[in-house]
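Since the structure comes first, as C-alpha cells, the remarks are kept for the end.
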Amino acid sequence: MQLNWKHVSLSAATVLMLAACGTAEEEADNNKDTQMEQEETVEQSQGSEAESDKGTEDQQEASEQEQERGPERELSYQSGDSMQTGKAKLTESDEMDYSIYVLDGYQLTSEEPNKDVLYWNEDEQIFMRIETFGSDADYKMLTEQMIDSLEYEGGEAADVSGEYSLADASGIEEPVIRQLDTKEGLTTGAVFKKDGMAVRLTIFGTPEADQTDALLSMGATIGQK
1 MQLNWKHVSL SAATVLMLAA CGTAEEEADN NKDTQMEQEE TVEQSQGSEA ESDKGTEDQQ
61 EASEQEQERG PERELSYQSG DSMQTGKAKL TESDEMDYSI YVLDGYQLTS EEPNKDVLYW
121 NEDEQIFMRI ETFGSDADYK MLTEQMIDSL EYEGGEAADV SGEYSLADAS GIEEPVIRQL
181 DTKEGLTTGA VFKKDGMAVR LTIFGTPEAD QTDALLSMGA TIGQK
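Going by the working numbering, 198 is the number at position 198 of the sequence shown; the sequence numbering is gapless.
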C-alpha cells in the first residue's frame with residue numbers, strides 16, 4: 001500500500017511539473033509575441049517619424065528655394081581687379097521655361113526659337129546667348145558642340161573654369177567653361193546642369209569691356225519659372 005501511495009505521489013508530481021513547464025512555455029511564447037508586437041510598434045512609429053521629418057525637411061527646402069528666388073537679389077562679380085556688387089531683378093524668359101536674375105544695365109530678350117539674348121545696354125555687341133534643355137539632353141554632345149563652336153574659325157579654347165564665379169555658384173553641377181581670345185574679340189562658352197535643366201551659354205565680348213564674369217554670374221542664377 002505504501003508503494004501505491006508513492007506511485008501516486010510520483011505521478012502527481014510529474015503531472016504538476018509538466019503543467020508548470022507548459023505554463024512557462026506559454027508565458028515565454030506570450031512574452032515573445034508581446035515583445036515582437038512592441039518592436040513592430042516602435043519600428044512603425046520610427047518610420048512615421050522619419051517620413052514626417054522628411055516631409056518637414058522637403059517643405060523647409062522648398063520654402064528656402066522660394067525665398068531664394070524672390071523678386072530681387074544682390075549679385076557679386078569680378079570686374080578688373082575688384083569685386084563689384086549690384087542689384088538684380090528676377091526676370092522670366094518670354095519663350096522658354098526659365099527665369100534669371102538680371103543686373104541693372106542689362107536686358108533680356110528673345111533672339112530666335114529656343115534662344116534668348118542678355119545684352120549690355122552700353123554696348124549691344126557685348127551679350128550672352130542663353131539656351132536651356134531638358135534633363136534628358138545629351139550633356140556630352142552639348143559640351144562638344146559648345147567647344148566646337150568656339151574653335152570653328154581656328155584656335156584652341158582654353159579651360160577657364162577656375163577663373164569665373166559660375167563654377168562655384170549654388171546649384172551648379174558639372175560646369176564646363178571654355179574661352180577663345182582672338183583679335184576679333186573674347187568668346188566664352190559655358191555648359192552646366194541646374195534645377196533639372198541643362199544650360200548652354202555663349203558670351204561675346206572684349207577684354208576691354210570686361211563683362212564676362214558679370215554675365216556668367218547672371219547665367220548662374222537661371223532656374224525654373
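The beta-carbon is built from N, C-alpha and C at its ideal position, and this holds for glycine as well. Keep in mind that this is a model prediction, so the values were computed, not measured.
_Whole-angstrom distance between Ile-222 and Lys-194, CA atom to CA atom_ = 8 angstroms
_Nearest candidate by alpha-carbon position, reference Asp-81, set Leu-180, Gly-155, Asp-210 and Ser-170_ = Asp-210
*For Arg-264, which residues does DSSP report across the bridge?*
In the structure displayed, the chain extends from 1 to 225; residue 264 sits before or after that span and is not available.
*Cα separation between Asp-123 and Asp-138?*
As the crow flies, the alpha-carbon of Asp-123 is around 34 angstroms from that of Asp-138.
*Count the other C-beta atoms from every protein chain shown that fall within 10 angstroms of the C-beta of Leu-216, then say buried if there are 16 or more, exposed otherwise.*
buried
*For Lys-89, which of Asp-104, Ser-79 and Met-96 has the nearest alpha-carbon?*
Asp-104
*In terms of residues, what are the limits of the beta strand (DSSP E) holding Met-146?*
Where Met-146 is concerned, there is no enclosing beta strand (DSSP E), although the alpha helix (DSSP H) it sits in stretches over 139-150.
*Distance CB(Thr-182)-CB(Leu-201) smaller than 9 angstroms*: Leu-201 is positioned such that its CB atom lies no closer than 9 angstroms to that of Thr-182.
*asked:* So, for Ala-214: in the same chain, excluding its five sequence neighbours on each side, which residues have a beta-carbon less than 6 angstroms away from its beta-carbon?
replied: Tyr-77
*Is it right to say Pro-207 is buried, meaning 16 or more other beta carbons lie within 10 angstroms of its own, or is it exposed?*
exposed
*Taking buried to mean at least 16 other C-beta atoms within 10 Å of its own C-beta, is Pro-175 buried or exposed?*
buried
*asked:* Let me check understanding here. Comparing Cα to Cα, which of Thr-212, Ser-170, Gln-84 and Gln-179 lies closest to Leu-150?
replied: Gln-179
*Who are the near neighbours of Ser-135 in its chain, counting only those whose CB is closer than 6 angstroms to its CB and skipping five residues on each side?*
If we look at Ser-135 and ignore the five residues flanking it on each side, its Cβ neighbours are Gly-196.
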